[in-house]
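Heads up, the sequence shown is in the numbering used here, so the first residue is 5 and it goes up one at a time. Glycine is no exception: its CB is placed at the ideal position from the N, C-alpha and C atoms. These numbers were taken from a predicted model, which means no experiment stands behind them. A short write-up of the structure that comes next.
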Amino acid sequence: MTTLIAEDLLLLVLDDDKGTVTTAYPQTALGGAVLVELALDGAVEVEEKTSVWRSAKVSPVAAHRPDDDILGAAYDVVAEKPRTAQDLVDRLGKGLKERLADRLVERGVLERQEGRVLGLFPRTRWPAVDSGHEEQVRRALTGALVQGLTPDQRTGALVALLSAIDKAHKVVDHDGLPTKEVRKRAKEISEGAWAAKAVRDAISASTAAIAMIAAGGAVAAGSS
Numbered sequence: 005m006t007t008l009i010a011e012d013l014l015l016l017v018l019d020d021d022k023g024t025v026t027t028a029y030p031q032t033a034l035g036g037a038v039l040v041e042l043a044l045d046g047a048v049e050v051e052e053k054t055s056v057w058r059s060a061k062v063s064p065v066a067a068h069r070p071d072d073d074i075l076g077a078a079y080d081v082v083a084e085k086p087r088t089a090q091d092l093v094d095r096l097g098k099g100l101k102e103r104l105a106d107r108l109v110e111r112g113v114l115e116r117q118e119g120r121v122l123g124l125f126p127r128t129r130w131p132a133v134d135s136g137h138e139e140q141v142r143r144a145l146t147g148a149l150v151q152g153l154t155p156d157q158r159t160g161a162l163v164a165l166l167s168a169i170d171k172a173h174k175v176v177d178h179d180g181l182p183t184k185e186v187r188k189r190a191k192e193i194s195e196g197a198w199a200a201k202a203v204r205d206a207i208s209a210s211t212a213a214i215a216m217i218a219a220g221g222a223v224a225a226g227s228s
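Have a look at this one:
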């Protein structure tokens with residue numbers, strides 16, 4: 005089954021039984037995953053930063069609009085005007101969890117369940133129906149994070165995104181390896197030379213944006 009990186013990321017951060025998201029910033033992370041996939045497909049590029057104080061802008065590559073509905077819509081947002089990765093990951097992530105989950109429901113991977121919290125507030129859950137693809141993704145991640153194998157670009161990008169939300173160590177069986185070593189390996193992969201420079205630039209910009217937004221949310225929560 006062919007999936008988007010964002011779909012794989014959503015499967016990894018959904019509790020298979022409860023069907024609820026286990027990360028605090030799914031919108032930002034999923035938006036980052038879409039931006040990274042656009043870069044992997046050669047549909048967008050990240051400009052060179054000329055200063056540590058200046059955020060890199062993301063631009064569309066002409067005549068490279070993806071056929072996929074979600075990626076195509078994201079490409080259109082990028083094409084509206086030059087924006088920073090920090091701006092884009094949040095914009096691209098709006099409503100994305102629901103759209104991705106519904107696609108996975110159509111494929112028989114998830115089940116959509118409607119309910120209410122305390123009998124008042126509507127809530128949608130997406131428990132797993134078929135975990136075969138997710139298990140395959142986890143095996144690839146285990147190879148990179150635990151067994152020390154060199155990841156392909158897609159797996160490396162997924163590791164970088166998971167590391168940005170501090171989930172990389174939670175989606176694999178450590179097989180006796182200490183958590184700090186799995187985290188360290190995830191960081192090394194995030195910064196590694198397994199991808200072309202244009203892709204590395206996009207991943208770096210996206211994960212930095214995710215981390216910045218998550219840090220800002222944590223500070224706001226702590227001061228409230």
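Partner residues in a beta bridge of lysine 201, as assigned by DSSP, do not exist. With a cut-off of 8 Å on Cβ pairs, the segment 77 to 93 is in contact with the segment 22 to 40, counting three or more such pairs.
Look at the beta carbons and you see the segment 66 to 78 touching the segment 42 to 49: at least three pairs across the two are nearer than 8 Å.
Exclusion of the five residues before and after valine 133 leaves Gly112, Val113, Leu114, Glu115 as the residues of its chain whose Cβ lies within less than 8 Å of its Cβ. Only residues of its own chain outside the window of five on either side were considered, and among them Val150, Val186 have a CB closer than 7 Å to the CB of histidine 178, listed in chain order. For threonine 154 and lysine 98, the gap between their C-alpha atoms comes out near 33 Å. Rounded to the nearest angstrom, the gap between the Cα atoms of alanine 168 and threonine 27 is 11 Å. The Cβ neighbour count for glutamate 195, taken over all protein chains shown within 10 Å, is under 16; the residue is labelled exposed.
The beta carbon of lysine 61 sits closer than 7 Å to the beta carbons of Glu51, Pro86, Arg87, Thr88 from its chain, once the five residues preceding and following it are set aside; these are given in chain order. Residue pairing of threonine 128 in beta bridges, as defined by DSSP: Glu118.
When the five nearest sequence neighbours on each side are left out, the beta carbons in the same chain lying within less than 7 Å of the beta carbon of glycine 76 are those of Arg69, Pro70, in order along the chain. By the Cβ neighbour-count rule, alanine 199 is buried, with 16 or more other Cβ atoms within 10 Å of its own.
The C-alpha of alanine 172 lies about 10 Å from the C-alpha of lysine 188. Per DSSP, the beta-bridge partners of glutamate 49 are Ser63. In chain order, Ala37, Val38, Glu41, Asp72, Ile74, Leu75, Leu104 place their CB closer than 8 Å to the CB of leucine 8, counting only its own chain and leaving out the 5 sequence neighbours on each side. Under the 10 Å beta carbon count, glycine 160 is surrounded by 16 or more other beta carbons and is classified as buried.
A direct Cα-to-Cα measurement between aspartate 170 and lysine 22 gives close to 21 Å.
For the pair alanine 43 and proline 64, the CB atoms are not nearer than the 8 Å cut-off. The three-state reading of DSSP puts arginine 69 in coil, since its state is none of H, G, I, E or B.
Here valine 163 carries a helix assignment [DSSP, helix/strand/coil]. For a cut-off of 8 Å, the C-beta gap from arginine 129 to glycine 119 is around 7 Å, short enough to register as a contact. Shown here, leucine 18 sits in a strand according to DSSP, grouped into three states.
In the structure shown, valine 175 adopts coil according to DSSP, grouped into three states.
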